[in-house]
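Below you'll find the structure, written out as structure tokens, and then a few comments.
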Amino acid sequence: MFRLDGRTALVTGAATGLGQAIALALAEAGADVAISDKPDVSLDETAEKLAASGRRVVKLGIDVRDLEQIRAGVKAAEHFGGLDIVVNNAGINRPLVGLEVTPENWDDHFATNVRGGFFVAQEAAKMMIPRGWGRIIFISSQSGLIGIPGQPVYCSSKGAIIQLVRTLGVEWAKHGLTVNSVAPTFVETNLTRKRLENPEFRAFVLGKIPAGKLATAEDVAAAVVYLASDEAEMVNATTLSVDGGWTAW
Ligand SMILES: NC(=O)c1ccc[n+]([C@@H]2O[C@H](COP(=O)([O-])OP(=O)(O)OC[C@H]3O[C@@H](n4cnc5c(N)ncnc54)[C@H](O)[C@@H]3O)[C@@H](O)[C@H]2O)c1
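Take the sequence shown: its position 9, counted from the start at 1, is 9 in our numbering, and no numbers get skipped.
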């Protein structure tokens, strides 16, 4: 179960963190993988790790804030002969409390996390619909399901993704596509490391997770592989929490 042999995938923000782990897990499950990140960010580390999988790999520069780069990048991902799986992982979090949020901070989050992911999905869907099969998976966050003080803009952008997958999943189901998101709790990556080094913040986070530990990038990647698989055919327009129980209480 959960094999992806013969499938081709595109992962955004794949240079590091969750995106790198997702690319590795997709390849280990049998998929050929197009890894992408902003053009000035090196994908060499991810490509080197992927080499062991024996799958075909292509590196693409896609800044998801740029529609032309999205169009060219998604087209290039077809390089493998078709695109089956897209993982909208690229995202930013620049926390500011509500009273300090600037219009620029608001726009940066929505341009990357929501607008970027939406247009990657739209471009990919145009290729998937004629083929009658596709999996579009966003990395949302538990922050889209609950409010976390100090990050109103990030939480709003992730909540928007959760609404986006509900709507696109319903629109595109008749074409054989599913659109879902994975909502992780805290994982130690470049995005979170600094905040998690603060003992008070770490204690707050661990105190909220009934499992008593952070998630790992591999926990998140496993959920993505599941949603990408044939076995998840009837899982659509929903969000799978990987949060050790945080959002259940
Ligand atoms: N780490 C966590 O605790 C956590 C929890 C929940 C959700 N997430 C989400 O998971 C995703 C990955 O997070 P991470 O922790 O691996 O972060 P990270 O900062 O370690 O990696 C993010 C990657 O996205 C890339 N990126 C940023 N802006 C981009 C753009 N405009 N175009 C293309 N690529 C861009 C970065 O270059 C980087 O390689 C994000 O969407 C994040 O919101 C993370």
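C-beta: ideal position from N, C-alpha, C; glycine also.
Report the CB separation of ILE70 from GLU104 in whole angstroms; it is logged as a contact under 8 angstroms.
With a Cβ gap of about 22 angstroms, ILE70 and GLU104 do not count as contacting.
Is the beta carbon of VAL187 closer than 7 angstroms to that of ALA25?
No. Outside cutoff.
For ligand 1, I want to know if PRO184 counts as a neighbour, meaning its beta carbon is within less than 6 angstroms of at least one of the ligand's heavy atoms.
Yes, since a heavy atom of ligand 1 falls inside the 6 angstroms radius drawn around the Cβ of PRO184.
Could you work out which residue in ALA31, PHE201, ILE62 is closest to ASP40 when comparing CA atoms only?
Comparing Cα positions, the closest option is ILE62.
Counting only the same chain and skipping the five closest in sequence on each side, list residues whose C-beta sits under 7 angstroms from that of GLY132.
Closer than 7 angstroms at the Cβ level, and outside the excluded window around GLY132, lie HIS175, GLY176.
List in chain order: all unbroken alpha helix (DSSP H) runs of 4+ residues lying wholly within the region 159-209.
Complete alpha helix (DSSP H) runs here, min 4: 193-196, 199-208.
Using DSSP with H/G/I as helix, E/B as strand and the rest coil, what is ARG55?
In the three-state scheme derived from DSSP, where H, G and I count as helix and E and B as strand, ARG55 is classed as coil.
Start and end residues, beta strand (DSSP E) containing ILE85:
Per DSSP, the continuous beta strand (DSSP E) segment holding ILE85 begins and ends at 85-88.
Going by DSSP in three states, ALA111 sits in which element: helix, strand or coil?
Here ALA111 carries a helix assignment [DSSP, helix/strand/coil].
For GLY17, which three-state DSSP category applies?
Correct three-state label for GLY17: helix.
Who are the near neighbours of ALA77 in its chain, counting only those whose CB is closer than 6 angstroms to its CB and skipping five residues on each side?
Around ALA77: LEU10, ALA34, LEU83.
Proximity below 7 angstroms, CB of GLN142 to CB of ASP219:
No, the Cβ-Cβ distance between GLN142 and ASP219 is not below 7 angstroms.
On the DSSP letters alone, give me the boundaries of the alpha helix (DSSP H) that VAL220 sits inside.
Note, VAL220: alpha helix (DSSP H), 217-228.
If you pair each beta-carbon of the region 135-153 with each one of the region 85-101, do three or more pairs fall below 8 angstroms?
Contact between the region 135-153 and the region 85-101 is present, because at least three Cβ pairs lie under 8 angstroms.
DSSP beta-bridge partners for ILE146?
None; ILE146 has no bridge partner.
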